[in-house]
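Below: one structure, written as structure tokens.
Numbering (the numbering used here), first residue to last: 10 to 349.
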């Protein structure tokens, strides 16, 4: 369903953070098989956490290592690997040290949630006497290949650490609004030289909707209509996202230049006012939507033409999802009943 959603909305590249605590070993292979079939470009990792006990943490580490090593045998231009961590408040020092040793041996950076909620900062200060960014820097987590999701509650000291280590940040406006955790200090991060991209945290792969959310939420949070300009939204979504994604593949992404991957999207958009370089950001934010995407191409392969998916059986996938969803809801209801 995720891959159908991506292709339909013209999202050619995903940086995924997978978790399936009841099925860890081999889970990334199942994801990878579906990714290759769909033809979308994805950097995968498994979310290591101590929430499921020491054996769960150990299995999560092993899955990251196994999958990263397996990519050489797969020889797929679509797949890449990172090393997944849930967050500072759910990964203890011993587990973190093991993750650092394994990731550095493989030359991998990390994909981790950072200060999504203020509770992450409170937990770090209580356990380690420092804030999350400082703890992660001391633990050798931050770095050029590390992607820090959210960073809603980072302060100026942490922002400077992110900048000095060239750590990348992913901003998820819809997810942050949905979870009512606050609004990330994106402009302060950018002003200090941090590369901030636009993510979605699983809130659908319609990045046009994410752009709109980013444009509006910062104005509301700052009580300032000048906050988060259209040009800044475009910088996050296109320039910075391409820069971040290009860390994981050998050729440039998100650029129409010789040698770059041929990832192209066609849109059926009719502008009712002249479309110019000067107003393009606002044409995209106020006019374009994911429903305008007609064709999605990844690596020169057409995945959708004239709104018809060519690599996935959308009707079959939808039928399976409709069959499975009620069982998932029932499990959540049972868990809720036990908790009460």
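All C-beta atoms, glycine included, are put in the ideal place defined by N, C-alpha and C.
Length at least 4, wholly inside the region 221 to 309: the alpha helix (DSSP H) runs in chain order: 239 to 243, 250 to 254, 289 to 295
Those residues which DSSP pairs with residue 22 across a bridge: In the chain shown, counting from the first residue as 1, residue 22 sits at position 13. For residue 22, which the question treats as bridged, DSSP gives the partners 50.
According to DSSP, residues forming a beta bridge with residue 91: The sequence position of residue 91 within the chain shown is 82, counting from 1. DSSP, once it has assigned bridges, lists no residue as partnering residue 91.
Whole-angstrom distance between residue 121 and residue 277, CA atom to CA atom: Taking the chain shown and counting its residues from 1, the one referred to as residue 277 is at position 268. Taking the chain shown and counting its residues from 1, the one referred to as residue 121 is at position 112. If you draw a straight line from the Cα of residue 277 to the Cα of residue 121, it comes to about 36 Å.
Local Cβ density within 10 Å of residue 177, reported as buried at 16 or more and exposed below that: Mapped onto the chain shown, residue 177 falls at position 168. It is buried - the Cβ of residue 177 has at least 16 other Cβ atoms within 10 Å.
Per-residue burial, residue 221 [other beta carbons within 10 Å of its own, 16 or more giving buried]: Start at 1 with the first residue of the chain shown, and residue 221 comes out as number 212. Result: buried.
Residue nearest to residue 199 in terms of C-alpha spacing, selected from 166, 150, 245: Within the chain shown, numbered from 1, the residue matching residue 199 stands at position 190. Of the listed residues, the one whose Cα sits closest to residue 199 is 245.
Residues near residue 326 by beta carbon distance below 8 Å, same chain, minus five either side: The sequence position of residue 326 within the chain shown is 317, counting from 1. Counting only Cβ-Cβ distances below 8 Å, and skipping sequence neighbours, we find 10, 13.
Among 148, 193, 48, nearest to residue 7 - alpha-carbon criterion: With the chain covering only 10 through 349, there is no way to say anything about residue 7.
For residue 119, the first and last residue of its enclosing beta strand (DSSP E): Counting from one through the chain shown, the residue named residue 119 turns up at place 110. First-last of the beta strand (DSSP E) with residue 119: 119 to 123.
Same chain only: Cβ atoms within 8 Å of residue 166, ignoring 5 sequence neighbours per side: On the chain shown, residue 166 is found 157 positions in, with the first residue counted as 1. Correct list, in chain order: 140, 142, 143.
DSSP state of residue 313 mapped onto helix, strand, coil: In the chain shown, counting from the first residue as 1, residue 313 sits at position 304. Strand at residue 313.
Start-end ranges of the alpha helix (DSSP H) lying completely within the region 142 to 196, minimum 4 residues: Within the region 142 to 196, the complete alpha helix (DSSP H) runs of at least 4 residues are 165 to 173, 182 to 187.
C-beta atoms of residue 64 and residue 35 nearer than 9 Å: Translated into the one-based positions of the chain shown, residue 64 becomes position 55. Translated into the one-based positions of the chain shown, residue 35 becomes position 26. In this structure, residue 64 keeps its C-beta atom at 9 Å or more from the C-beta atom of residue 35.
Which listed residue (219, 99, 319, 158) has its alpha carbon closest to that of residue 304: Working through the chain shown from its first residue, we reach residue 304 at position 295. The candidate whose alpha carbon is nearest that of residue 304 is 319.
Inter-residue Cα distance where the pair is residue 133 and residue 97: As a position in the chain shown, residue 133 is number 124, starting the count at 1. As a position in the chain shown, residue 97 is number 88, starting the count at 1. Going by the C-alpha atoms only, they are around 7 Å apart.
Between the CA atoms of residue 69 and residue 58 - distance to the nearest angstrom: As a working note, residue 58 is residue 49 in the chain shown. As a working note, residue 69 is residue 60 in the chain shown. For residue 58 and residue 69, the distance between alpha carbons rounds to 8 Å.
Residue 319 - DSSP class collapsed to helix/strand/coil: Counting from one through the chain shown, the residue named residue 319 turns up at place 310. Coil.
Residue nearest to residue 271 in terms of C-alpha spacing, selected from 116, 74, 310: Here residue 271 refers to the residue found at position 262 of the chain shown. The option with the nearest alpha carbon to residue 271 is 310.
Residue interval of the alpha helix (DSSP H) (run including residue 65): Locating residue 65 in the chain shown gives position 56, counting from the first residue. Residue 65: member of the alpha helix (DSSP H) spanning 62 to 83, first to last residue.
Rounded straight-line distance, which links the Cα of residue 251 to that of residue 160: Taking the first residue of the chain shown as position 1, residue 160 is located at position 151. Taking the first residue of the chain shown as position 1, residue 251 is located at position 242. Residue 160 and residue 251: Cα-Cα distance of roughly 20 Å.
Coarse secondary structure for residue 32, derived from DSSP in three states: Residue 32 sits at position 23 when you count from the first residue of the chain shown. The answer is coil: DSSP assigns residue 32 none of H, G, I, E or B.
Helix, strand or coil at residue 139 [DSSP, three-state]: The residue labelled residue 139 in the question sits at position 130 within the chain shown. Residue state, collapsed to three classes: coil.
Spatial distance of residue 217 from residue 249 (CA atoms): Residue 217 sits at position 208 when you count from the first residue of the chain shown. Residue 249 sits at position 240 when you count from the first residue of the chain shown. Going from the Cα of residue 217 to the Cα of residue 249 covers about 15 Å.
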